[in-house]
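Residue numbers (UniProt numbering): 1 to 476.
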């Protein structure tokens, strides 16, 4: 039997965002209390829910709120049963989350088939069986016994022996490593894997479709059908016990290349500094100044010795012990062997775009432009970041995502048609690379093009080979 399912996360950090423990704010991220579990576009799919406190590299800091590092200490988040502060924080989070989850369970008529208790716990030390049993019992207390709970660990004994929880269904994750193993794995997969997995009645999944997690899924980020999708469809139809007749494949959505948007620099990054700066003798971390993400400007010095540094939060470390990585300047700063003291820490709120400023001569800063669309009904498009550095783009207030044009391979960000409107569309860009030349002298550089297909540049990834993966989708 073949069935369809979807897996989704409920990260701790997006709902327990505020530093006062127990104060839940779903609306901070434009989520209602029920919206994380109301995917109308996947309403007919069964769902596997990952509600565990730690979500690994799929979210910054493993999905744990920044204030846990501040209140519990950077080296104390070990996910063990002898940490009462950690247990209390998880209990308060689940007290908000799990009552929302319960009506969505399959047993209650909803789409959620299975709920994950922990993720790759066997990969970390110290492994505490008492903690995982406590976590299992806590979830059962809210959701009952009529739901399948599961764990996920690496596919070897060393991981499973510490990650498996009694009376919880264990699953494994794995993949090829070296180039040779990739070739061998795919050769074996083509010859045997589909039939073997089917004969074993095993379940398998396809990876996400978003730009930042591109593992060549069967549909594109725009929802387009690919060759892989058609191959999977044909294979499913060939199964002896598959009796559902094939239905026509829906057509891909129309794409269109629009005229460029000319981008004008509004302000530098530091023009968005908060007025309530914090002072200390030595530099302190982001968590200490209650800056969960974004930037902090560190300033110290006199008229003869001035130092100004802008630090970005980059704690998206997927395979380290969660809750051990602070962010910012984490030690003394020395100039000519002398420790610099008397620091000013000013936060930058990137959710508040400066209306004006005094732009400097480098590229980093805030930009605003207008994309004019004459169509009565806009089409999907892709914004091309070629010539830019690294940053974030929004269209009409919708965040498209991060770009890093100098690294690739994704050179474009997908712009869904519902984000657009006929007439003027506001485009805002936050550029972080101060090494790029200013746009002020050349408008041809300070532009964003909108293409009718995605662009991938693999020059920095594979043997200095550049190729455009423009033919990934298939028109049907």
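No residue lacks a Cβ here, since even glycine has one placed at the ideal position from N, Cα and C.
Here the structure is a predicted model, which means the values were calculated and not measured.
- Query: With DSSP run on the structure shown, which of helix, strand or coil describes residue 275?
  - Reply: For this step, residue 275 is matched to residue 275 along the chain shown. Reduced to three states, the DSSP call for residue 275 is coil.
- What do you reckon, are the CB atoms on residue 165 and residue 149 nearer than 9 Å? Mapped onto the chain shown, residue 165 falls at position 165. Mapped onto the chain shown, residue 149 falls at position 149. A contact, by the Cβ cut-off of 9 Å.
- Can you give me the Cβ contacts of residue 485 inside the same chain, cut-off strictly under 6 Å, excluding the 5 residues immediately before and after it? Any question about residue 485 goes unanswered here, given that the chain covers just 1 to 476.
- Going by the beta-carbon positions, is the gap between residue 438 and residue 363 smaller than 9 Å? Numbered from its first residue, the chain shown carries residue 438 at position 438. Numbered from its first residue, the chain shown carries residue 363 at position 363. Yes, the pair counts as a contact, with Cβ atoms nearer than the cut-off.
- For the alpha helix (DSSP H) containing residue 131, list its first residue and its last residue. The residue given as residue 131 occupies position 131 in the chain shown. Note, residue 131: alpha helix (DSSP H), 129 to 143.
- For the beta strand (DSSP E) holding residue 395, just list the boundary residues, first then last. Here residue 395 is taken as the residue at index 395 of the chain shown, counted from 1. Counting along the chain, the beta strand (DSSP E) containing residue 395 begins and ends at 390 to 395.
- Compare the C-beta of residue 429 against all C-beta atoms of chain E and say whether one is closer than 9 Å. Judged by its chain identifiers, the structure shown contains no chain E, having just a single protein chain.
- Could you check where the alpha helix (DSSP H) with residue 161 kicks off and where it finishes? Position 161 of the chain shown, counted from the start, is the residue given in the question as residue 161. Note, residue 161: alpha helix (DSSP H), 157 to 163.
- Item | Proximity to residue 233 [Cα-Cα], best of 245, 373 and 222 | In the chain shown, residue 233 corresponds to position 233, counting from 1. Checked all of 245, 373 and 222; the closest Cα to residue 233 is 245.
- Can you tell me the Cβ-Cβ gap for residue 373 and residue 425, rounded? I've got them flagged as a contact below 8 Å. Here residue 373 refers to the residue found at position 373 of the chain shown. Here residue 425 refers to the residue found at position 425 of the chain shown. That belief holds up - the Cβ atoms of residue 373 and residue 425 are roughly 6 Å apart, short of 8 Å.
- Item | Host alpha helix (DSSP H) of residue 89 (start-end) | As a first step, residue 89 is located in the chain shown; it is residue number 89 there, counting from the start. Its alpha helix (DSSP H) spans residues 84 to 101.
- Count the other CB atoms, across all protein chains shown, that sit within 10 Å of the CB of residue 137; report buried if there are 16 or more and exposed otherwise. In the chain shown, residue 137 corresponds to position 137, counting from 1. The residue is exposed, with fewer than 16 neighbouring Cβ atoms inside 10 Å.
- Message: As an exercise, report each continuous alpha helix (DSSP H) stretch of at least 4 residues that is fully enclosed by the UniProt domain "Beta-galactosidase galactose-binding" (366 to 425), in chain order.
- Response: none
- Message: By alpha-carbon positions, which one of 82, 112 and 108 ends up nearest to residue 130?
- Response: Numbered from 1 along the chain shown, position 130 holds the residue referred to as residue 130. Nearest of 82, 112 and 108 to residue 130, Cα basis: 82.
- Message: If you follow the beta strand (DSSP E) that residue 449 is in, where does it begin and where does it stop?
- Response: As a first step, residue 449 is located in the chain shown; it is residue number 449 there, counting from the start. From DSSP, the beta strand (DSSP E) with residue 449 extends over 447 to 451.
- For the putative contact between residue 285 and residue 326, defined by C-beta atoms under 8 Å, what is the C-beta separation to the nearest angstrom? Along the chain shown, one-based indexing puts residue 285 at 285. Along the chain shown, one-based indexing puts residue 326 at 326. About 4 Å; that satisfies the 8 Å criterion.
- Task: Measure the C-alpha to C-alpha separation of residue 414 and residue 332 and round it to an integer number of angstroms.
- Result: Here residue 414 corresponds to residue number 414 of the chain shown, with the count starting at 1. Here residue 332 corresponds to residue number 332 of the chain shown, with the count starting at 1. Whole-angstrom Cα-Cα distance: 42 Å.
- Query: When the Cα atoms are used, what is the spatial distance from residue 16 to residue 93?
  - Reply: Numbered from its first residue, the chain shown carries residue 16 at position 16. Numbered from its first residue, the chain shown carries residue 93 at position 93. Reliability of the predicted coordinates at residue 16 is poor, the pLDDT of 48 falling under 50, and the value obtained from them is presented with this limitation in mind. When rounded, the distance between both Cα atoms is 7 Å.
- Message: Taking the alpha carbon of residue 140 as the reference point, which residue from 156, 154, 105 and 173 has its own alpha carbon closest?
- Response: On the chain shown, residue 140 is found 140 positions in, with the first residue counted as 1. When only C-alpha atoms are compared, the closest one is 105.
- Task: Could you say which of 271, 107, 257 and 402 lies nearest to residue 380 if we only look at CA atoms?
- Result: Within the chain shown, residue 380 is the residue found at index 380, counting from 1. Here the closest residue by C-alpha is 257.
- Message: In this structure, how does DSSP classify residue 336 when only helix, strand and coil are distinguished?
- Response: Reading the chain shown from its first residue, position 336 is the one you call residue 336. Of the three classes helix, strand and coil, the one that applies to residue 336 here is coil, per DSSP.
- Task: Please list, in chain order, all residues of the same chain as residue 382 whose beta carbon is under 8 Å from its beta carbon, the five residues on each side excluded.
- Result: Here the question's residue 382 lines up with position 382 in the chain shown. Here the set comprises 255, 412, 413, 414, 415, 450, 451, 452, 453, 454 and 455.
- Message: Let me confirm a value: residue 388 is counted as buried when at least 16 other C-beta atoms fall within 10 Å, else exposed. Which label applies?
- Response: Here residue 388 is taken as the residue at index 388 of the chain shown, counted from 1. Buried: at least 16 other Cβ atoms inside 10 Å.
- Residue environment, residue 398, which counts as buried when at least 16 other CB atoms sit within 10 Å: For this step, residue 398 is matched to residue 398 along the chain shown. Residue 398 is exposed by the Cβ-count criterion.
- What residue range is occupied by the uninterrupted beta strand (DSSP E) comprising residue 348? Position 348 of the chain shown, counting from 1, holds the residue named residue 348. From DSSP, the beta strand (DSSP E) with residue 348 extends over 343 to 348.
- Are the beta-carbon atoms belonging to residue 268 and residue 366 less than 9 Å from one another? As a first step, residue 268 must be located in the chain shown, where it is residue number 268. As a first step, residue 366 must be located in the chain shown, where it is residue number 366. It is a contact, given that the beta carbons lie within the stated cut-off.
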